[in-house]
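Chemist:
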Amino acid sequence: MVIGTSCQKELSSDSAATAYISIRFHPKINGTPFRLNETYTNSFGESYSATIFKFYFGQIALSGNPQHSQAVNGDPYYLVDLADPSSLEINTTIKPGTYNAISVLLGVDSARNVSGVQSGALDPAKGMFWTWNTGYIYTKLEGTSPSSTQVNGKFEYHIGGFRWPYSAIRNFTVTLTDTDTWQLQEGKTLELDISVDMDAFFNYSYPVRISEEPVCMTPGELAYQISGNFAGAFQLTQFDIN
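Start counting the sequence shown at 1; every next residue gets the next number (the UniProt record's numbering).
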């Protein structure tokens with residue numbers, strides 16, 4: 001590494017070295033796009049229609065080999081809302097480099113759950129917050145189903161919780177094979193397409209039957225189990241550098 005003799009020049013050089021990352025989410029079910037207010041069937045044969053689907057996606061970091069990690073710039077957390085198509089794409093900046101992995105937090109870290117009133121994606125006005133004791137809702141899925149025992153056939157899954165042993169904070173990590181890397185040069189954009197499989201929400205590592213468990217509105221064992229399902233819903237399906 002060459003150390004410059006002028007701090008001013010070194011800072012200027014660092015600030016000019018910018019690359020970009022674009023993450024596009026593709027919620028799907030049974031291989032087709034998942035949309036609000038349309039009827040689908042889960043793996044248990046229960047039909048349902050979603051009216052709300054939101055989740056937090058944050059603390060994005062790329063890492064390389066030899067081991068080093070670089071967090072992307074911009075907001076540490078993003079709220080993805082199926083009702084807002086623009087939120088299905090995240091665009092931000094990162095330092096150029098050679099990377100072979102990406103890691104993301106699904107949820108909100110424990111410190112921010114108890115850090116008082118916040119802004120941006122973590123603004124309580126976004127409707128993703130319980131109380132300062134229980135913290136943020138990491139994933140919200142609401143809708144109706146004839147299989148639900150609730151009034152008007154409603155189902156409500158508000159998934160969160162940061163306390164042991166039922167922390168619903170999960171990680172999504174993808175590591176490329178030994179021969180693959182993302183060689184991200186200055187001015188270039190790493191484009192990532194991520195599928196979100198809604199079949200997994202109901203049946204990945206834990207079976208969630210709407211007829212038996214139509215409501216989850218507090219942290220606890222059920223929220224913990226569903227968070228594991230949701231983490232399994234994410235898959236990196238395509239990437240490119242342009």
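Virtual Cβ for every residue (Gly too), placed ideally from N, Cα, C.
In whole angstroms, what separates the C-alpha of Glu-221 from that of Glu-191?
Modeler: 36 Å
Chemist: Tell whether a beta-carbon distance below 8 Å holds between Phe-162 and Val-104.
Modeler: Cβ atoms of Phe-162 and Val-104: not closer than 8 Å.
Chemist: In whole angstroms, what separates the C-alpha of Phe-201 from that of Pro-219?
Modeler: 17 Å
Chemist: Roughly how many angstroms separate the alpha carbons of Ser-13 and Phe-34, rounded to a whole number?
Modeler: Model confidence at Ser-13 stands at a pLDDT of 42, short of 50, so the residue's coordinates are unreliable; what they give is reported in the following sentence. Ser-13 and Phe-34: Cα-Cα distance of roughly 44 Å.
Chemist: By the DSSP assignment, the alpha helix (DSSP H) with Asp-199 in it spans what residues?
Modeler: 198-202
Chemist: Assign Ser-69 to buried or exposed, taking buried as 16 or more other Cβ atoms, counted over all protein chains shown, within 10 Å of its Cβ.
Modeler: exposed
Chemist: Cα separation between Ala-71 and Leu-62?
Modeler: 6 Å
Chemist: Using DSSP bridges, identify the partner residues of Pro-33.
Modeler: Lys-28
Chemist: What are the boundary residues of the beta strand (DSSP E) that Tyr-48 is part of?
Modeler: Here the beta strand (DSSP E) through Tyr-48 covers 47-64.
Chemist: Quick one: what's Pro-207 bridged to in DSSP?
Modeler: Asn-203
Chemist: Report all residues from its chain with a CB closer than 7 Å to the CB of Gln-185; omit the five preceding and five following residues, and keep chain order.
Modeler: Ala-19 and Pro-96
Chemist: For Asn-242, count neighbouring C-beta atoms within 10 Å of its own C-beta (all shown protein chains included) and say buried if the count is 16 or more, exposed if not.
Modeler: exposed
Chemist: Determine whether the beta carbon atoms of Tyr-157 and Ala-121 lie at a separation below 8 Å.
Modeler: no
Chemist: Check whether the Cβ atoms of Gln-238 and Asp-193 sit closer than 8 Å, and answer yes or no.
Modeler: A Cβ-Cβ contact shorter than 8 Å links Gln-238 with Asp-193.
Chemist: Enumerate, from N- to C-terminal direction, the unbroken beta strand (DSSP E) stretches of 3 or more residues contained entirely within the region 72-103.
Modeler: 77-81, 89-94 and 97-99
Chemist: Rounded C-beta distance between Tyr-166 and Tyr-224? I'm assuming under 8 Å.
Modeler: The Cβ separation is near 4 Å, so the contact holds.
Chemist: Going by other Cβ atoms of all chains shown within 10 Å of its Cβ, with 16 needed for buried, is Trp-182 buried or exposed?
Modeler: buried
Chemist: Should Trp-88 and Arg-170 be called a contact, given that it needs their Cβ atoms to be closer than 8 Å?
Modeler: Before going on, a small fix: residue 88 reads as Leu here, not Trp. For the 8 Å CB-CB criterion, Leu-88 and Arg-170 do not form a contact.
Chemist: Using the three-state DSSP reduction, which class does Gly-153 fall into: helix, strand or coil?
Modeler: helix
Chemist: Confirm, please, whether the CB-CB distance from Gly-160 to residue 250 is below 8 Å.
Modeler: This structure gives no information on residue 250, because the portion of the chain shown stretches from 1 to 242.
Chemist: Considering just the uninterrupted stretch of the alpha helix (DSSP H) at Val-226, what are its terminal residues?
Modeler: Note that residue 226 is Ile in the sequence shown, not Val. Run containing Ile-226: 221-231, per the alpha helix (DSSP H) assignment.
Chemist: Alpha carbon to alpha carbon, what distance is there between Tyr-48 and Thr-32?
Modeler: 15 Å
Chemist: Can you tell which of Asn-42, Phe-53, Ala-17 and Thr-39 has its C-alpha closest to the C-alpha of His-26?
Modeler: Phe-53
Chemist: For the putative contact between Thr-173 and Ala-101, defined by C-beta atoms under 8 Å, what is the C-beta separation to the nearest angstrom?
Modeler: 7 Å
Chemist: At the level of alpha carbons, what is the spacing between Leu-106 and Val-151?
Modeler: 30 Å
Chemist: Based on Cα-Cα distance, which residue from Trp-164, Thr-177, Cys-216 and Gly-143 lies nearest to Thr-41?
Modeler: Gly-143
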